[in-house]
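Engineer: Starting off with a structure, shown below.
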Amino acid sequence: KNFQMISYAIKNIPEKDNISLLYQIGTIRNLQVPNKSQDVIISTFMLSELGPLQQQIFLRNAWNALKPGGRLLLAAEFIPSGVWKIIFKMKRWFYNKKLKKFNIEKTNPLEHFYDYFNQIGFQKNDEKEWTHGSIKAIELRKKFQNGKNKPRFYRPVPPKVKGILSQFKIWRCLFTGQIDNIPIEPGLYKSGKPDEKSPVIVTANYSYTFIKVMRDLDEIDAWVLCIDSNGINVWCAARGSEFGNKKLLEAVEATGLKYFTTNKIIILPQLSAGGISKPNLPENTDNFPFKIKYGPVWSKDLKEYLKTQPKKKPDKMKIANFTLPHRVRAGITHTTFLLRKVFFFPLLITFFVLLGLDIMNLMDKVWVIIDLIVWILFPNLLLILFYPLSNFTRNFIVKSIFFGILNFFFLALITWSLRTSFSYIFLNSVFFFWIGFFTTMSFSGYTMSTNPREIQNEYPLFKKLNYIFLITGVLFTIISVMIIK
């Protein structure tokens, strides 16, 4: 991409006798110029391609590269304020859908950028904006602070972790199916009053995770390093690419962690082990003068872990038992995920198609939709109550078949008690099985009973079986709705 940009610039910038242009490739960490050597640095729409911590790294390195009083000229996409923020969010939603369709990484409009440059060591000289503030050009000037010849580090404002507002955030995370990114600002936070010897705890910037960790660290003095996991919890982020070596190194660099602690041990959540590759971390180097340890699997055990510092963790700290309370939370989140992401539009389309075929019997159509919603919700109840029964296997296709059969049995009993129609049950039997089969495989990511590689290996076979059961089930269910009153 950089080669293409340079090639484009060479072709389109006119040559002038008195100007010599040097084209070279750099990075936000290595601008390829000496410190205090530049009068002006220009950035055009590059920052929105960076995450918050990467933006801070660029600003610090730009500060170092500029001469005293040097200028940084920026053009970037910002999140506007007021009613225009709502319109902007709607446009971005459709825009991000298109990017996802073509597998293109989305950009990050600047939100806290003014806080970044003020704390790091720039002052704003001038600013112009277009499109209601969503596009801005800003001129910044390098400034010295308290006689120091170094840029400072940005510190985010700590969000509240107690009280009704933080509890509402937790409920929002649970009841929105984890579809909405609900992040906090990544960065370095304090629990209590940490000093240079206090422990360093690493977590994700998912609101639910951060609030739980901070609550569980109550009355413990510690540094809490919040990685930019894109607002995703530790387990899911580590299964993807949002909680790995790159993200950890980025957070350590952007926050200047090594300047605030002499403690050389960083405690990572155990559930991040799938994303962190310890052999590939540059431990005990200048850029990463730390060693990593994996803490307890649940943050509720952090206090005991920090006080006892066990050489070998007890089972309760290293085994992620999928207990009933965990299954209840997972079941609620998974149910809302299915209703919002998978079944909402099919249910809506089904209702209007049935209404179009027979507009007079409105309540009959409503009851059909209610039936379908109950059928969709019921497998999650079975998973909450009876998931341990499937521990005889790690294979999720086998688990899915098991719960498909169980779901058919229970829904057949319930349907018989309500309709006493053998024909109706027979025609919907495949759909009863399919919804249990599909829901169980969808539930796999919540269970911690397997790893992503195993699921990926099972997925091709699951996909084939899923299409067969889905198409057959839907066809027979349509017949049942059309011919059985």
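As numbered in my numbering, residues -12 to 472 make up the sequence shown, in order. The C-beta atom is built at its ideal place from N, Cα and C for all residues, glycine as well.
1) What is the DSSP secondary structure of S341, reduced to helix, strand or coil?
2) For the candidate residues N48, K129 and I319, whose alpha-carbon lies nearest to that of L372?
3) Could you give the distance in angstroms between the alpha-carbon of D476 and the alpha-carbon of L59?
4) At a cut of 8 angstroms, does the region 178 to 192 reach the region 247 to 259 through at least three beta carbon pairs?
5) Measure the C-alpha to C-alpha separation of G243 and L369 and round it to an integer number of angstroms.
6) Taking 8 angstroms as the threshold (C-beta atoms), are F413 and N394 in contact?
7) Measuring CB to CB, does E183 end up less than 8 angstroms from T248?
8) Between which residues of its own chain and I(-3) is the CB-CB distance below 7 angstroms, once the five residues before and five after are set aside?
9) Assuming contact is defined by CB atoms lying nearer than 8 angstroms, are T337 and I356 in contact in what I supplied?
10) Using a 10 Å radius around the Cβ and a threshold of 16 neighbouring Cβ atoms, would you call G179 buried or exposed?
11) Do the region 46 to 63 and the region 72 to 81 make contact, defined as three or more Cβ pairs closer than 8 angstroms?
12) With distances taken from CA atoms, which of F324, R406 and M435 is nearest N378?
13) Just to confirm, are V239 and M201 a CB contact at a threshold of 8 angstroms?
14) Quick one: what does DSSP say I254 is sitting in, helix, strand or coil?
15) Give me, in chain order, the residues of the same chain whose beta-carbon lies closer than 7 angstroms to that of I422; leave out the 5 immediate sequence neighbours on both sides.
16) Contact between the region 34 to 41 and the region 81 to 96: three or more CB pairs below 8 angstroms?
17) Could you give the DSSP three-state label for T323: helix, strand or coil?
18) Out of E114, F104, F131 and S429, state which residue places its alpha-carbon closest to the alpha-carbon of K23.
19) Going along the chain, which unbroken runs of the beta strand (DSSP E) with 3 or more residues stay wholly within the region 199 to 229?
Structural biologist: Judging by the given coordinates:
1) Inspection of the sequence shows that residue 341 is occupied by Leu rather than by Ser. Residue state, collapsed to three classes: helix.
2) I319
3) Any property of residue 476 remains undetermined from this structure, which presents the chain solely from -12 to 472.
4) yes
5) 48 angstroms
6) no
7) yes
8) Y10
9) yes
10) exposed
11) no
12) M435
13) no
14) strand
15) W362, I363, P366 and N394
16) yes
17) helix
18) F131
19) 209 to 214
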